[in-house]
Each structure stands twice: as structure tokens, then as C-alpha cells.
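Take a look at the structure below.
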Amino acid sequence: MTFDPRHLPQIQTLLVQPYIAALVADSSHAEVAHALRGALQSLRSEILGGKEITLPDFAGTAFAQRIKAGIVSGRSPHLRAVINATGILIHTNLGRSRLAPEALQQMVRVAAGATNLELNLDSGKRGSRGAHVEALICDLTGAEAALVVNNCAAAVLLSLTALAQGRNVIASRGELIEIGGSFRLPDVIAGSGAVLREVGATNKTRVDDYARAIDENTAVLLKSHTSNYRIVGFTSSPTRNELAVLAHDTGVVLIEDLGSGILMDLSAHGLGDEPVVADILKSGVDLVMFSGDKLLGGPQAGIIAGRADVIEKLRTHSMLRAVRIDKLSLAALEATLRLYKPPHDPLRDIPVLRMLSTSLEDLQHLAETFAQGLLDLGVSDVSVIESAAYVGGGALPQKDLRSMAVSLALPGMTAEALSTALRAADIPVIGRISQDRVHLDMRSLEGADLPVILDALRYIVS
Ligand SMILES: *Cc1c(COP(=O)(O)O)cnc(C)c1O
-15 MTFDPRHLPQ IQTLLVQPYI AALVADSSHA EVAHALRGAL QSLRSEILGG
35 KEITLPDFAG TAFAQRIKAG IVSGRSPHLR AVINATGILI HTNLGRSRLA
85 PEALQQMVRV AAGATNLELN LDSGKRGSRG AHVEALICDL TGAEAALVVN
135 NCAAAVLLSL TALAQGRNVI ASRGELIEIG GSFRLPDVIA GSGAVLREVG
185 ATNKTRVDDY ARAIDENTAV LLKSHTSNYR IVGFTSSPTR NELAVLAHDT
235 GVVLIEDLGS GILMDLSAHG LGDEPVVADI LKSGVDLVMF SGDKLLGGPQ
285 AGIIAGRADV IEKLRTHSML RAVRIDKLSL AALEATLRLY KPPHDPLRDI
335 PVLRMLSTSL EDLQHLAETF AQGLLDLGVS DVSVIESAAY VGGGALPQKD
385 LRSMAVSLAL PGMTAEALST ALRAADIPVI GRISQDRVHL DMRSLEGADL
435 PVILDALRYI VS
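Sequential numbering from -15 applies to the sequence shown in the numbering used here.
Structural data, given as C-alpha cells:
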């Protein structure tokens, strides 16, 4: 017989049960009531979901313990640190790039008190927010000018609005990307008030296709990085040089949405197809825009670099204020950019680049140390395997990075259940499931993460 959820006790009745009343004395009426409401709500949905459940003894200690756990979890932060053992270095759901200690320190310093965010310390007059990083960006990319905003999506929106509102934007049918989270290029173009003129075919677009579409209403040629897919086989698209010549002959602006821009050549680390920002600008592209928290290895930010007169149009547009970067991200961005310059070594000092370039031998060593730690805990079904890690964040979708993982299973527990338990740990651990085993990939981890994962597993095993 199914229980009628209308017969669940009232919160007021529960609040006067002795064990529950004791909780009120220890915490607060509001917290206990909130936790009771949550517990009753989940019982109600289980009953309505047709589940056969045994009701708890509402007057007992076990129920009070459950309410107490609800209060404790209600007090802890909802946004938390987790361990990324997925092997995806720039995982959007896991907050993308981890920051270097230098960037963290700068954020703390700037956040703890007042800062010269918009004060020119030489003149004592109002300064510009962007001034803290623009010269650095120009230095690292060879650009004439630069501008930073909230993220790359904002950079694209601002550029199109300032340069092409009410006019035409020409883009190849093969590059009308969607990158998830509702960023669809055709919609962004429409949102900017520009009109999209698609040219070419999905697999082939020639420079002539662009040339024929240009008329007196054309403001922008837009190139975009097809960052999360590849069109392979019978394909062609014009080079940046060809597009730049066409744009300049016809007086339109060539802009490129790069997504994950890189500031240095990473071909030795498996990213040979990924163009370096400085080279793109050298080939004649007027403006490039890219994210701060993808391969650059910094905080969320959108960076726009290129021709000074074009950047000036963006800088003076009223939308800039709505997409401006906040001071904490700015502090972290400046500190990260400085790590690209001496005496630093970006491959050593920027976590994302360090993970990308760690040798397979080092990863194997890490995996073996970790596997030994698991054996010491009494977890015996453990093996060290070769695996494929990914850059993520929309760079090189098909390109996998050789990596090493620890594959494990616990007796009497499905991989799904182990994965759920790892996510429920004090510091949640996010791995991958493959063939009913949990894989923890070493490439997205740092050495200091290993003891944390071992703690989580120690708790699960006990
Ligand atoms: C990731 C990406 C964006 C969006 O960048 P955000 O910084 O997340 O706003 C835009 N364009 C391309 C090609 C991308 O890969």
C-alpha cells in the first residue's frame, strides 16, 4: 500500500520533538526548519515517484542526525574546490584553468584593500582599468593596441556591435560555430545588430566567395576558430593572408574569434595546429579575440588585440562598460601574463602549460606512486594504464595527449557508485568511468592532489 504524502508530519510538530528541539538550541530555528523542509520534501518526492519507502522514526535519534547533517551541509559553501582527475585540462564545468600561485597572491592583495584600479599613480588623476595589462598584451602579441573585457564571448559581441551594427558581417558557412552554453555565432551576430552574410559551403569556402559578397554595406569579415569540431576530407578555406589582402583592398575589417588563443608555440607539446596570436596578427588580421582562462592559463577574461584605430572604436563604445572585467580577474590576468616573461618560464610556472608539457615518464611515476598509495590502503584492484587526456576548452577537439591513469575498482561497488562516493567526498574528486572502472587521469592533476584523493578513498573504503 502506498503512503499518502499528505500524512507526513507537519514541521511545527517535528520542531517540538525533544531531539529536534535540542538541535534548535544548538543552531537556529530557521536552519532546523529549513533542513526539516528539505527532508520532508525529499520523502514526499520519493513517495510520489512511486517508491516503496519506510518512513523514518520522526522522534528518533537517526532522524535528528539526518537533520543535523542537513544543517551542516547548509552552512558549507556551495561553490567548492574539487579535484579534476578527468584528464581534461581546461574543463569548463570544473572552472577551466587553475591559476598560478602568483596570480592567487595578486588577487588576494588587490581584494583585501583599495587598489589603483582606475587611478593613475603618476598624475593622481583618473586612470584606465585596462592600462594594467594592455602594454603587456601588446608586448606578448606584437599588437598595436589591446583591450580586455569580461570573457571572449563579450569580446566578440563588443567587436561586432562597435564595428558592424546595422551593417553586414561576412562569415564562412564552415565556421558558424556553437560552443555550448548558448554561444552560437549566428545568434551573437544578430544580437550585435549586424546582419550575417554566409558564404561558401560547409566544407569549402574560397576567397572569391568572400569577395563576391562584399558590398558598400559590408563592415567586417569574420573568421572563427572551429574549436570544438573539425571538418575533414574535401575541404578548403582561404589563408589569413588572402583574407587580409581582400579586406584591406575593400576597406573592411578582418576579425578573428580565436577562442583559446596561445601566446607561444606549443607544437613541441602536441599543439602544432594551434596558431600563435602574434603570427595571426602578422598575417594581417586586424583584431583577434581570445579567452583568458583557456590555454593562456589565467582567469576568465576576454582579450582583444590588434590595430589601434579599430580598438579605439571598441574602447569608446557605450557597451564596454557592460562587459568590463572585474578587478580580481584583472589582477590575476596581469600576474599570469607576467609569467610569460623572464625570469619566469611559462611551461614551468603556468599550471595549464605545465600539465600540457609534463613528460609521460613523469606522469607514469606519479601514477605508480598513487597506485602504491592505494595498495597501502588495501585497495587491491588497481592498475596503471596509458590513457588519452585532452586540452579541452575548445582547443584541438580530436587531438589527444598521451597520458597515464590509475584504473581502480572496489569490491561490491559499481564504478557508478564509486564515482558518486568520490563526488560526495569533503573535497569532491571527479574522474572518468570506463568499462565499469574508475579512471583517475594524472595529466590534469598536480602532485599535491594525490594525498587528497587518497583521503577520499580511505574514507570510502572504511
Ligand atoms: C571558448 C570560445 C569562445 C567563448 O569564450 P569565453 O571566454 O568562454 O566567453 C568564443 N569563441 C570560441 C571560438 C571559443 O572557443
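Positions of the beta carbon are idealized from the N, C-alpha and C atoms, including for glycine.
Residue i: first and last residue of the uninterrupted alpha helix (DSSP H) it sits in
i      : result
Phe274 : Premise fails: Phe274 lies in the beta strand (DSSP E), 271 to 275, not in any alpha helix (DSSP H).
Arg21  : 13 to 32
Val307 : Careful: Val307 lies outside any alpha helix (DSSP H) and carries neither H nor E.
Glu400 : 399 to 407
Gly243 : Premise fails: Gly243 lies in the beta strand (DSSP E), 237 to 243, not in any alpha helix (DSSP H).
Tyr3   : 2 to 10
Val172 : 169 to 175
Residue i Cβ short of 7 angstroms to ligand 1 heavy atom set
i      : result
Gly175 : no
Cys122 : no
Ala289 : no
Ala171 : Per the sequence shown, the amino acid found at residue 171 is Asp instead of Ala. The answer is no for Asp171.
Ile246 : no
Asp241 : yes
Lys278 : yes
Ile72  : no
Ser275 : yes
Ser446 : no
His328 : no
His209 : yes
Ile215 : no
Val272 : no
Ala130 : no
Ala137 : yes
Val140 : yes
Ile161 : yes
Phe504 : No information on residue 504 is available, as it lies outside the stretch -15 to 446 that the chain covers here.
For residue i, three-class secondary structure by DSSP
i       : result
Lys207  : strand
Arg59   : helix
Pro413  : In the sequence under discussion, the amino acid at residue 413 is Val, which differs from the Pro named in the question. The answer is strand: DSSP assigns Val413 an E or B state.
Ser313  : helix
Lys188  : strand
Arg386  : strand
Leu180  : strand
Ile215  : coil
Leu(-8) : coil
Ser221  : coil
Val445  : helix
Thr342  : coil
Ser391  : strand
Thr202  : strand
Leu337  : helix
Lys132  : Per the sequence shown, residue 132 should be read as Val rather than Lys. In this structure, Val132 counts as strand in the three-state DSSP scheme.
Glu36   : coil
Ser143  : helix
Glu162  : strand
Where the beta strand (DSSP E) containing residue i begins and where it ends
i      : result
Ala43  : Ala43 -> no beta strand (DSSP E), and no H or E assigned at all.
His423 : 421 to 425
Tyr374 : 366 to 376
Asn152 : 152 to 156
Contacts around residue i, its chain only, beta-carbon distance under 7 angstroms, and the 5 residues preceding and following it disregarded
i       : result
Phe47   : Pro40, Asp41
Ser387  : Gly71, Leu347, Ser371, Ala372, Ala373, Asp425, Met426, Arg427
Ser267  : Arg224, Asn225, Ala228
Leu(-8) : Leu24, Leu27, Arg28
Cβ neighbours of residue i in the same chain (closer than 8 angstroms, five flanking residues each side left out)
i      : result
Glu240 : Leu206, Lys207, Ser208, His209, Arg224, Ile264, Val269, Leu271, Val272, Met273
Gln90  : Ala315, Ala316, Glu318, Ala319
Val16  : Leu(-1), Ile4, Leu7, Val8, Ile51, Ile55
Asp384 : Ala372, Ala373, Tyr374
Cβ neighbours of residue i in the same chain (closer than 6 angstroms, five flanking residues each side left out)
i      : result
Glu118 : Ala130
Gly184 : Ser156, Arg157, Asp193
Val307 : Val133, Asn134, Ala138, Leu142
Ala262 : Thr125, Gly126
Gly362 : none
Leu340 : His253
Leu83  : Ala316
Leu160 : Leu169, Pro170
Asn152 : Val179, Arg181, Asn201, Thr202
**OP:** Output the residue ranges of the alpha helix (DSSP H) runs that lie fully inside the segment 246 to 302 and measure 4 residues or longer, sorted by chain position.
**Re:** Those alpha helix (DSSP H) runs which fall completely within the segment 246 to 302 and span 4+ residues are 261 to 266, 292 to 299.
Original post:
Which runs of the beta strand (DSSP E) spanning at least 3 residues fall entirely within the segment 61 to 129, listed in chain order?
Top reply: Within the segment 61 to 129, the complete beta strand (DSSP E) runs of at least 3 residues fall at 72 to 74.
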